[in-house]
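Notes to accompany the following structure.
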Amino acid sequence: MLIIDNARLHYGAAEALRGVSLEAEPATITCILGRNGVGKTSLMRAIVGHHPLTSGTIRFNGEVFARRPAYDRARAGIGFVPQGREIFPLLTVRENLQTGYAGLPRSERHIPDTVFELFPVLKDMLNRRGGDLSGGQQQQLAIGRALVTRPKLLALDEPTEGIQPSIIKDIGRALTFLRDEFGMAILLVEQYLDFCRGLADSVSILDRGVVVHQGVAEDLDRPEVRAHLTV
Amino acid sequence: MTVTRSIAALFAVLAVLLSPSMATAQDSDVALRQAIAGLGAEKGYARLREAINVVAQTGDPRAARVLGALTEGDVYRRADDGAVVIVSGRGQQLTLHDPVTGEAIGTAPKSALDKVRVNNSVRRSVRAALGGLTLAAGDPDIRMTAARTLIATPDPDSLAAIEKAISDEEDDAVRDALENARAGAILFSGADPETRIAAIETIRNMGGQQALSLLARMPASPDQGVLQAAEDAAASVQKRLQYWGLGQNIWYGVSLGSVLLLAAIGLAITFGVMGVINMAHGEMVMLGAYTTFTVQEVMRTSFPGLLDWSLPIALPLAFLVAGSVGFALERGVIRFLYGRPLETLLATWGVSLVLQQSVRTLFGPSNREVSNPSFMSGAFQLGEISVTWNRLYIVVFALVVFAVLLYAINRTSLGLRMRAVTQNRRMAAAMGIRTPWVDALTFALGSGIAGIAGVALSQIDNVSPNLGQGYIIDSFMVVVFGGVGNLWGTLIAALSLGVANKFLEPFAGAVLGKILVLVFIILFIQRRPRGLFALKGRAVDA
Amino acid sequence: MTGAEVAASGKPAGHREDTILYLDGVSVSFDGFKAINNLSFLLREGEMRAVIGPNGAGKTTMMDIITGKTRPDEGEVFFNGNVDLTRHDEPAIATMGIGRKFQKPTVFEGHTVDDNLALALSGVRSIFASLAHRRTIEEERRIVEILETTRLSHLRHTSAASLSHGQKQWLEIGMLLAQSPKVLLVDEPVAGMTDAETAETARLLRDIARSHSVVVVEHDMGFVRDLGVKVTCLHEGSVLSEGTIDHVSADPKVIEVYLGR
Amino acid sequence: MITGYFLRQGLNRWIIASLVVILAIGILVPAANLLLPAGHPLHVPSYIVALFGKYLCYALLALSLDLVWGYVGILSLGHGAFFALGGYAMGMYLMRQIGTRGVYGDPTLPDFMVFLNWKELPWFWSGFDQFWFAAIMVMLAPGLLAFVFGWFAFRSRVTGVYLSIITQAMTYALMLAFFRNDMGFGGNNGLTDFKDILGYSIQSDQTRAALFLSSAVALALGVLLVGALGASRYGKLMVAVRDAEDRTRFLGYRPEFVKLFAFTASAVMAGIAGALYVPQVGIINPGEFAPANSIEIVIWTAVGGRGTIIGPIIGAILVNAGKSAFTGLFPEYWLFALGALFIAVTLFLPKGIVGTAMHGWDALQRLRAARRHEEGRHDGPAASQPEAAE
Amino acid sequence: QEDTIKVGILHSLSGTMAISETTLKDAMLMLIEAQNEKGGLLGKKLEAVVVDPASDWPLFAEKARQLIEQDEVAAVFGCWTSVSRKSVLPVFSELNSILFYPVQYEGEESERNVFYTGAAPNQQAIPAVDYLMNEEGVERWVLEGTDYVYPRTTNKILEQYLLDKGVAAEDIIVNYTPFGFSDWQTEVARIKEFGSAGKKTAVVSTVNGDANVPFYKELANQGIKAEDIPVVAFSVGEEELAGIDTGPLVGHLAAWNYFQSVETEANASFIEEWHAFTGDEARVTNDPMEAHYIGFNMWIKAAEAAGTTDPDAVIAALPGIEVPNLTGGISKMLPNHHITKPVLIGEIQEDGQFEVVSETDDLVPGDAWSDFLPESKKLKSDWVDLKCGNYDTEAEKCIAETAMAEPATEAAKSN
Ligand SMILES: Nc1ncnc2c1ncn2[C@@H]1O[C@H](COP(=O)(O)OP(=O)(O)OP(=O)(O)O)[C@@H](O)[C@H]1O
Ligand SMILES: Nc1ncnc2c1ncn2[C@@H]1O[C@H](COP(=O)(O)OP(=O)(O)OP(=O)(O)O)[C@@H](O)[C@H]1O
Ligand SMILES: NC(N)=O
Ligand SMILES: [Mg+2]
Ligand SMILES: [Mg+2]
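Protein chains in written order, with my numbering: chain F, 5 to 235; chain A, 61 to 602; chain D, 4 to 264; chain B, 136 to 525; chain W, 35 to 449.
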């Protein structure tokens, strides 16, 4: 579904991705791991179109995302939960969710039930401004908001950050559900190893802008794989 | 309608009204001609006024023709024989008419004619000389005008005429006015104290500045009761006037506020919502005003009948013109500057210079005339407040624009997208919002609104290349005072600054008043550093 | 006294004089929503405390109150037993010795990592002193040390704006260290860190706690367990449970609202 | 002591170079005007001296704005007020110097007071017959206004556009006030018809040259001051306040004082610029308070590049020279040229002329360093030799 | 190249004053073109040097300097506002050049290098007030002005004049508004109220520039008719009226020294030439244009008389020069550098023109120093015999010279 081939990305002169290749399949959860500053977020930015690649290609459903703007990619079915939540601070929770209507046909412009089932707190706070929410509530809102767009591929950048344990479990269950029920392709950047291991169908480990390991979730138990993640 | 025209119309009516009954008298014809000849003989306005009185005193209704023509500036003296003629036509060769019958009596070159010059005092004499007679006119409006004139110039000698008119009058409003006129005349007559006290009561009920002036001017009476009544009446009128004065200040304030609102509301979008320090905002207003001018020019030259429709026609056009310029500006310049809000100041300043100079080159540097359509001309009286139609329309218009915009921003999906985009452009794009399109539309909307504000402002202000410069600072003050990004704040700020200004003006004068308002804004921002309707809480810091 | 009892009585155990932080009966509401509700919380000198609680429980708001960012509607907030913090503003509170790491990392993006740390270093705070100030050898040593601790040495002269999220987290921790306050308020320090780094951070905090008082807010229970200190669980703006990690994590109410089954 | 302070703050070579250039201009231009005969190819006509003297004052003004805008992030839209106040203080001194040479020959009262029937000098005019007093007021009046204004505004945490707009309100209010004849500052005609300064005729070429040199020295001192402040720890603090004011509070800093110091210092600089400007242009009037003038200062700074020291200077000189040239060369179309210049700078030189140049320079250096590094690694020393030869 | 004589044109083409001044630039270009067709001056062609001082007062000084020093113009025609004139004065005296200033102004000035072809207060304000008093019987006065020097001074002179004429102090109100003032509701309502007290009331308006349009619009809308409360303005001419729907304003007045509607042959051909030059039949002419017309012709004549354009020679030759004005008279340059002009009072007509309702029998000589201000009563300007712009007739000495002879003493300084 999503095929990244030899992606390179620069911030000015600094190179953040040095030829990353990766695939995400429908109905699979692909977990991307790596230490701080190795390029995980940069990879996500490249996928959703927030930062152009210097070279390499990204293909989604056979379509080449050369310099397609972010909104086209979102409309093509990429949902995004960014690192740092990026809630619209002055929009209410409801309005934050409604921003996801942009790419939907009129008939589908409603908030899917899964969102409130997953994050009941959002229902209570529909009229509060997004920026007023607590950190964890914002994170929940960010995930909910991505789901409103009915994505085919969901890209999550450290979605569990700042979220209470019980809801982390719910998120895990939800991701499995989305994978199994909707056949969604899920790309998950995570630091939280246990969470990853429980969910992932496959894992990729990044280090200094390159993929240093690719395999199944169980690989994470292998010490030489884990070594990529230690300091 | 103009002064001269209305007087002329008055005479026309009068002439038609009275002519059948008095058509025959041959000898009066001679007297009239003699009197009219006097109009041409004399030099100086004082003599002319006497001559007018002589003409009027003939009592001949045909005098109306020549007097009407006189106020229109159509009466000339033939240089060779000194005959008084009425002329018509334009250019060098003029058609002459007999001043009594109005029949054409040939033509003459302009150089062979001397104009009988009239000025305001002459026109006033004409009006006064024949004022009383119009009380019998068929049109109640004309009778009303006559009655008003009588109130303003109380004359005991006209009492009898007024009494007669009251008994004949069928229109209630006119009769009331006549009764006031009678009371006024009584004040100045030697009537007995009771009658005068009753008259004072009537005048007191009439109220207003005019009542006050009548009471003040009325000849001193030896009677204590009359004096007391007059004093009380004056005091009570004064008091009422004070309340009305309060109301008047509020109205003026609201009306100034609505002008500020109109000027600022587009900026509330481009600056308030989008964060662009839009120095070219004033020029968008100016474009709207010039669009109005252009529309009126076209109407004037090609469709004079539609002149009254020029504003409704100009509104959408101004929106389109300013909106498209805004659209182009956003696509051409602003879009490269998101995330660098301060740089927008530099670029939009440049744009504003270019727009100003373009308009100057295209339309010339001086003021262009935009007239009020008839439905926006003049005023009506609300108690003691005279409410001008153009201001009233502007207040209503400003509120409508505000309401529509409020709805558009807060209740429509486009509005939601606009707000999302301006809060976090990248994330909005990741949600599938076509950010470039929304950005351009938002800026075009703000500019378009500024454009239609220009249509309204063209009704009360200069239409010149500098128009925008006059509003830009006030607009920023209003938006900031109300709280950036808050439309309600903009509304309240505009109205309250308007009212504050108008309450200060009578005491402090316009200049000091304005200074005080500015100082007030500075102090107020210390109390509320994010404006009147500051958003609070984390959301703001985020 | 158990945590539950504390919450029920609404009175913190112990005397104000013995504490470094003392909150009693504190409430704050935003547009009618009670974010902190009659909260009582105390921290003894030299103590490290872990604070947990569901999202929206009021943990960050509590820190806001202590650091002077938010004024409580009612209640007492004391530092060092006798300093009423509600009477002071943020810079005053910071200079008294209360340092803070924010939940969302906030650093000076226009500055390099080095300058960020230099500005945070304790010492010069007045304008005129800073006009004449030159970096001392001691300060240089501290900065190098902190750079090593936070593993940012290689990024020393990088602009903070171009750090990754995790690197900013670390930089902010470094700034807190540089400030060397009496009390450290640390809001979710390990969010976005790898497990190894998390363990490292726990070690670092334990280290610091030997000479400082610390309040740590975290959702990572493994990390909290690693810290090995008393835990307070907040819920809906007040204390739900307090005690050892085992006690708190076994508390059914905590499991119900926070840990989940 | 002061020099020691400046020296201790490591001034970079750009600043030193610009100091040299400014002082060289300050000496050479008047010299070329006074010493070379009119026909000489290098002779600088008096007209140019006057013109450039004015630009130097504008440059100092832009630099003063840069201190608050570039470093502390305060976008002052009212800096013209400080400039004008300094100018008025100087103008009042110059007015008093006219003595009996006014048109009415009144020894104390300026002409405008005589014909508006003032009987005596208002209290706030006293002392201005002394140069030292006027010199102090040149700094005190704007400094005090900035201090009081800033004290309230910064303590109330008025920031961003709110601050910008109230500075604009301030200068606007002052403009209206100074327009009023009752204020005693000559109404909209302002103060003019000056005769001499410190006993020297204001119209003589020598005085002009001295004023020119003074302006250059003042500008150089300004550069030195801003450079030293910028390089000090206080400079870093200013930038920190600019980027994250709230965060500095939690580190124990008082951003309001950081701002207040910069704002006041900047106002004093602006006042000095105004004081030097007035004798060179021969008039000070309330138009200088006009909000548009203050916006123009911002424009100069932005064109040159804010946050750089040389940028605002270059911006001020360039924009004003452009204005001088264009208004003469194509009087009907110059606004198009100027407007286009502003738009072009924002679009193509996003950090201003100097800012972009410096950015490019840095990038080039880094690229070179990187290339050298790479080549050194891969190809050995041989490949890097041509580099070294450059 | 060498055989042209350059003439500087110093009028704002942008900024707030462009509205008024651009026309004057065009008028000057037309006059220069016409003169060249007549063979130029002293056998050389004239060449106009146009600059744009952009309504920026210090820029006026800079541009003046540029014109004189760099372009070496023989004379400059320019300025509108008094502040712009004040700003360039030192430049003209320092560089010893000539300025022709074409706009009505507050007086109280007479410079050797400046020739004032616009009206002094005694050539505009006083006759207008006389007219209202005598012809309209006005007893109450509203002096309405923009808050700056020209209106302030003019009103001061008028107030004194009215008081001298026996008008009671409470029958005069004076009010000032800022430049560009646009909300006249309160002020117009006040005028209306002031005028409803029974005594005949008039408004004397020294409102300047942009504020006029909204002022007149408000007057019209609040129904203040000329017959009830006439407004006589000193700064509203044909050019200003072009921006207003004059229908409701008919009968309001203006006092000038020229109106486009004046019927003389000279004027007719001037207007014709103007329309031909601008290619626009709708372009109006106005008083300051006529002032430039007079000034330019005077300069030409003086230069011809002197046989050179050298400033000193021309300055010496100018007083006494007589040229026809456009209203049928012969204007003369006086020794005080002001000129003689007729004073015309006109009423606004529906077509935006004025109809003359009164005019002085003789030309009125411009008075540099008002007789109605205590300090200036005693002053006299005479550049021919006395060689002095501010001669004190009481002390019988030239103030400028005294000052020159004994430069400010310590005593004078510290007084
Ligand atoms: N300014 C505000 N306006 C409205 N509600 C607010 C505001 N600030 C905080 N809140 C609410 O107060 C509650 C407490 O927030 P707080 O940030 O303290 O939670 P927290 O315990 O830190 O949560 P998390 O673990 O998710 O960070 C939340 O429900 C939040 O929505
Ligand atoms: N905006 C930026 N400008 C310049 N450099 C950047 C920028 N963002 C990230 N970098 C650099 O690029 C590298 C990769 O950053 P990225 O954010 O992708 O890391 P990450 O793997 O997501 O780390 P983390 O786990 O901390 O979130 C880092 O070294 C960082 O310093
Ligand atoms: N001289 C004038 N009208 O300013
Ligand atoms: Mg990341
Ligand atoms: Mg929190």
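All C-beta atoms, glycine included, are put in the ideal place defined by N, C-alpha and C. None of these values were measured; they are calculated from a predicted model.
Closer than 6 Å: residue i CB and nearest ligand 1 heavy atom
i, result
"L137/F", "yes"
"K127/F", "no"
"N58/D", "yes"
Contact test: residue i Cβ vs ligand 5 heavy atom, cutoff 6 Å
i, result
"Q168/F", "no"
Residue i versus residue j - alpha carbon distance
i, j, result
"G243/W", "Q152/A", "35 Å"
"N65/F", "P155/F", "13 Å"
"V201/W", "G232/W", "15 Å"
"A427/B", "D426/W", "42 Å"
"V127/D", "T302/B", "31 Å"
"S239/W", "E55/W", "20 Å"
"G35/D", "S434/A", "53 Å"
"M51/W", "Y136/A", "41 Å"
"S437/A", "E252/W", "10 Å"
"Y327/W", "T361/W", "12 Å"
"V125/F", "L442/A", "56 Å"
"A85/A", "A124/A", "Confidence is the limiting factor: at A85/A the pLDDT is only 48, short of 50, which leaves the residue's position unreliable, though a coordinate-based value still follows. Between A85/A and A124/A, the C-alpha separation is close to 16 Å."
Buried or exposed by the 16-neighbour rule on C-beta atoms within 10 Å, applied to residue i
i, result
"F259/B", "exposed"
"I140/D", "exposed"
"W497/A", "exposed"
"G213/B", "buried"
"Q288/A", "exposed"
"T15/F", "It should be noted that the sequence gives Tyr, not Thr, for residue 15/F. Classification of Y15/F: exposed, given that the 10 Å Cβ count is below 16."
Cβ distance (whole Å) where residue i is taken to contact residue j below 8 Å
i, j, result
"F293/W", "L378/W", "6 Å"
"M65/D", "I39/D", "6 Å"
"V461/A", "I325/A", "6 Å"
Mind listing, in chain order, the continuous beta strand (DSSP E) runs of no fewer than 3 residues lying wholly within the stretch 89-133 of chain F? none
Report the start-end ranges of each beta strand (DSSP E) in the stretch 55-136 of chain D that is 3 residues or longer and not cut off at the edges. 77-82, 101-104
Give, in chain order, every unbroken run of the alpha helix (DSSP H) that is at least 4 residues long and sits entirely within the stretch 509-559 of chain A. 529-542
Taking the runs of the beta strand (DSSP E) that are 3 residues or longer, which of them lie wholly in the stretch 185-236 of chain W? 206-211
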